[in-house]
Each structure stands twice: as C-alpha cells, then as structure tokens.
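*Asks:* Counted from 1, the sequence shown has number 34 at position 23 by the numbering used here; the numbering is strictly sequential. Note that the Cβ used here is the ideal one computed from N, Cα and C, for glycine as well. Since this is a predicted model, take the numbers as computed values, not measurements. Just dropping this structure here.
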Amino acid sequence: MMCDIIYAGEKATFGQPEIKLGTIPGAGGTQRLVKAVGKSKAMEICLTGSVNLSAQEAERAGLVSKVLPADQVVDEAVKTAETIANLSQPIVQMVKDAINQSFEVPLSAGLTFERRLFHSTFASHDQKEGMAAFAEKRKAKFTHN
12 MMCDIIYAGE
22 KATFGQPEIK
32 LGTIPGAGGT
42 QRLVKAVGKS
52 KAMEICLTGS
62 VNLSAQEAER
72 AGLVSKVLPA
82 DQVVDEAVKT
92 AETIANLSQP
102 IVQMVKDAIN
112 QSFEVPLSAG
122 LTFERRLFHS
132 TFASHDQKEG
142 MAAFAEKRKA
152 KFTHN
C-alpha cells in the first residue's frame, strides 16, 4: 500500500493477517488500507486476518491499479516506469507530492498546496518545453529543470 502504482498478477491475493499473530497491521497498514478500500472492507480484512481479497476485488476496491496475467506484470511495470522516466522528473515529483499530500491534509489545504505547485511549474524550463511541444505538435524534450 506504500507503492505509488500497484499491479497485481491475476492470481494474487491480499490481506492483513497480523491479528492472527496477536498484533495489528503496522507501518500504516490500518491507515492506508481504509483510505484505499473504505472502512467496512478494511475492518473485515483486518479484524478477520483473512488473506482472501482476490486481485480482481483489490482492483475494484482501488487497492491495485491493474490486474494482469502473472507473466506480464513485470513487463507492464517496466513499461509504465519507462513512460514516467521520460517525463519531467521535477514535475513527476510534484505530482507525487501533491497526491501524497491529499492523504495528510484536509481538501482545502491540499488544493492550496496543489495550486502553489502548479504555479511554480511555470518557472521551469520543462513547463515551457512541454507547452511549446504541445503547440508545435511534437514530443517534448525534457531537461529536468
């Protein structure tokens, strides 16, 4: 649940078995799970300790981004990573920061944070290059500054 993007093999299962070990999900397991799947499903998963959430259920609940045949998961992850790596890295980090911030603050504070980041992008070379490339109908050549 700490990953930015989660792809699952079609036979993967998910759960939080810690209660069966006499403890609770640590490292944010209770906090992140409820935000991903909602209170009722998080309670069921954590209180029963069952590891029976299928990959398809996890996708429907928003816990994973995509379900693929197991032999395609790594290739798809690499393809996605390459797509992201070809974008402006400072802007990629801003997007990650803005999305992660949404889990930490009320909506109004998150919108203020996002607006400040958005405005700051206009000081970057990559924003100028991206807009110019769009207007000229060509692929942007980001320099990461």
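Could you check the C-alpha separation between L74 and I16 for me, to the nearest Å?
*Replies:* Their Cα atoms are separated by approximately 9 Å.
*Asks:* Going by beta carbon distance, what residues of the same chain come within less than 7 Å of I167, once the five residues before and after it are set aside?
*Replies:* This structure gives no information on residue 167, because the portion of the chain shown stretches from 12 to 156.
*Asks:* Below 8 Å on the Cβ atoms is my guess for M12 versus G40; work out the distance and round it to an integer in Å.
*Replies:* Contact flag correct, Cβ pair sits at about 7 Å.
*Asks:* Rounded to whole angstroms, what is the Cα-Cα separation between K52 and V45?
*Replies:* Their Cα atoms are separated by approximately 8 Å.
*Asks:* Got a sec? Which residues, its chain only, sit under 8 Å from G37 by beta carbon, not counting five neighbours each side?
*Replies:* Cβ neighbours of G37 beyond the five flanking positions: E29.
*Asks:* Across which residues does DSSP place G20 in a beta bridge pair?
*Replies:* DSSP lists L79 as partners of G20.
*Asks:* Please classify D86 as buried or exposed, where buried requires at least 16 neighbouring CB atoms within 10 angstroms.
*Replies:* Counting Cβ neighbours within 10 Å, D86 comes out exposed, since fewer than 16 surround it.
*Asks:* In whole angstroms, what is the alpha-carbon distance linking V116 and F153?
*Replies:* Taking the straight line joining both Cα atoms gives about 31 Å.
*Asks:* Residue range of the alpha helix (DSSP H) that L32 falls in?
*Replies:* First-last for L32: undefined, no H or E at that position.
*Asks:* For G121, collect the residues of the same chain with a Cβ closer than 6 Å to its Cβ; drop the 5 residues on either side in sequence, then sort them by chain order.
*Replies:* Excluding sequence neighbours, G121 sits near Q112, S113.
*Asks:* Count the other CB atoms, across all protein chains shown, that sit within 10 Å of the CB of D137; report buried if there are 16 or more and exposed otherwise.
*Replies:* Buried, because 16 or more other Cβ atoms sit within 10 Å of the Cβ of D137.
*Asks:* With distance defined between alpha-carbon atoms, name the residue in H155, G20, A19, K22 nearest to N97.
*Replies:* Nearest of H155, G20, A19, K22 to N97, Cα basis: H155.
*Asks:* What is the DSSP secondary structure of N64, counted as helix, strand or coil?
*Replies:* What sits at residue 64 in the sequence shown is Leu, not Asn. Of the three classes helix, strand and coil, the one that applies to L64 here is strand, per DSSP.
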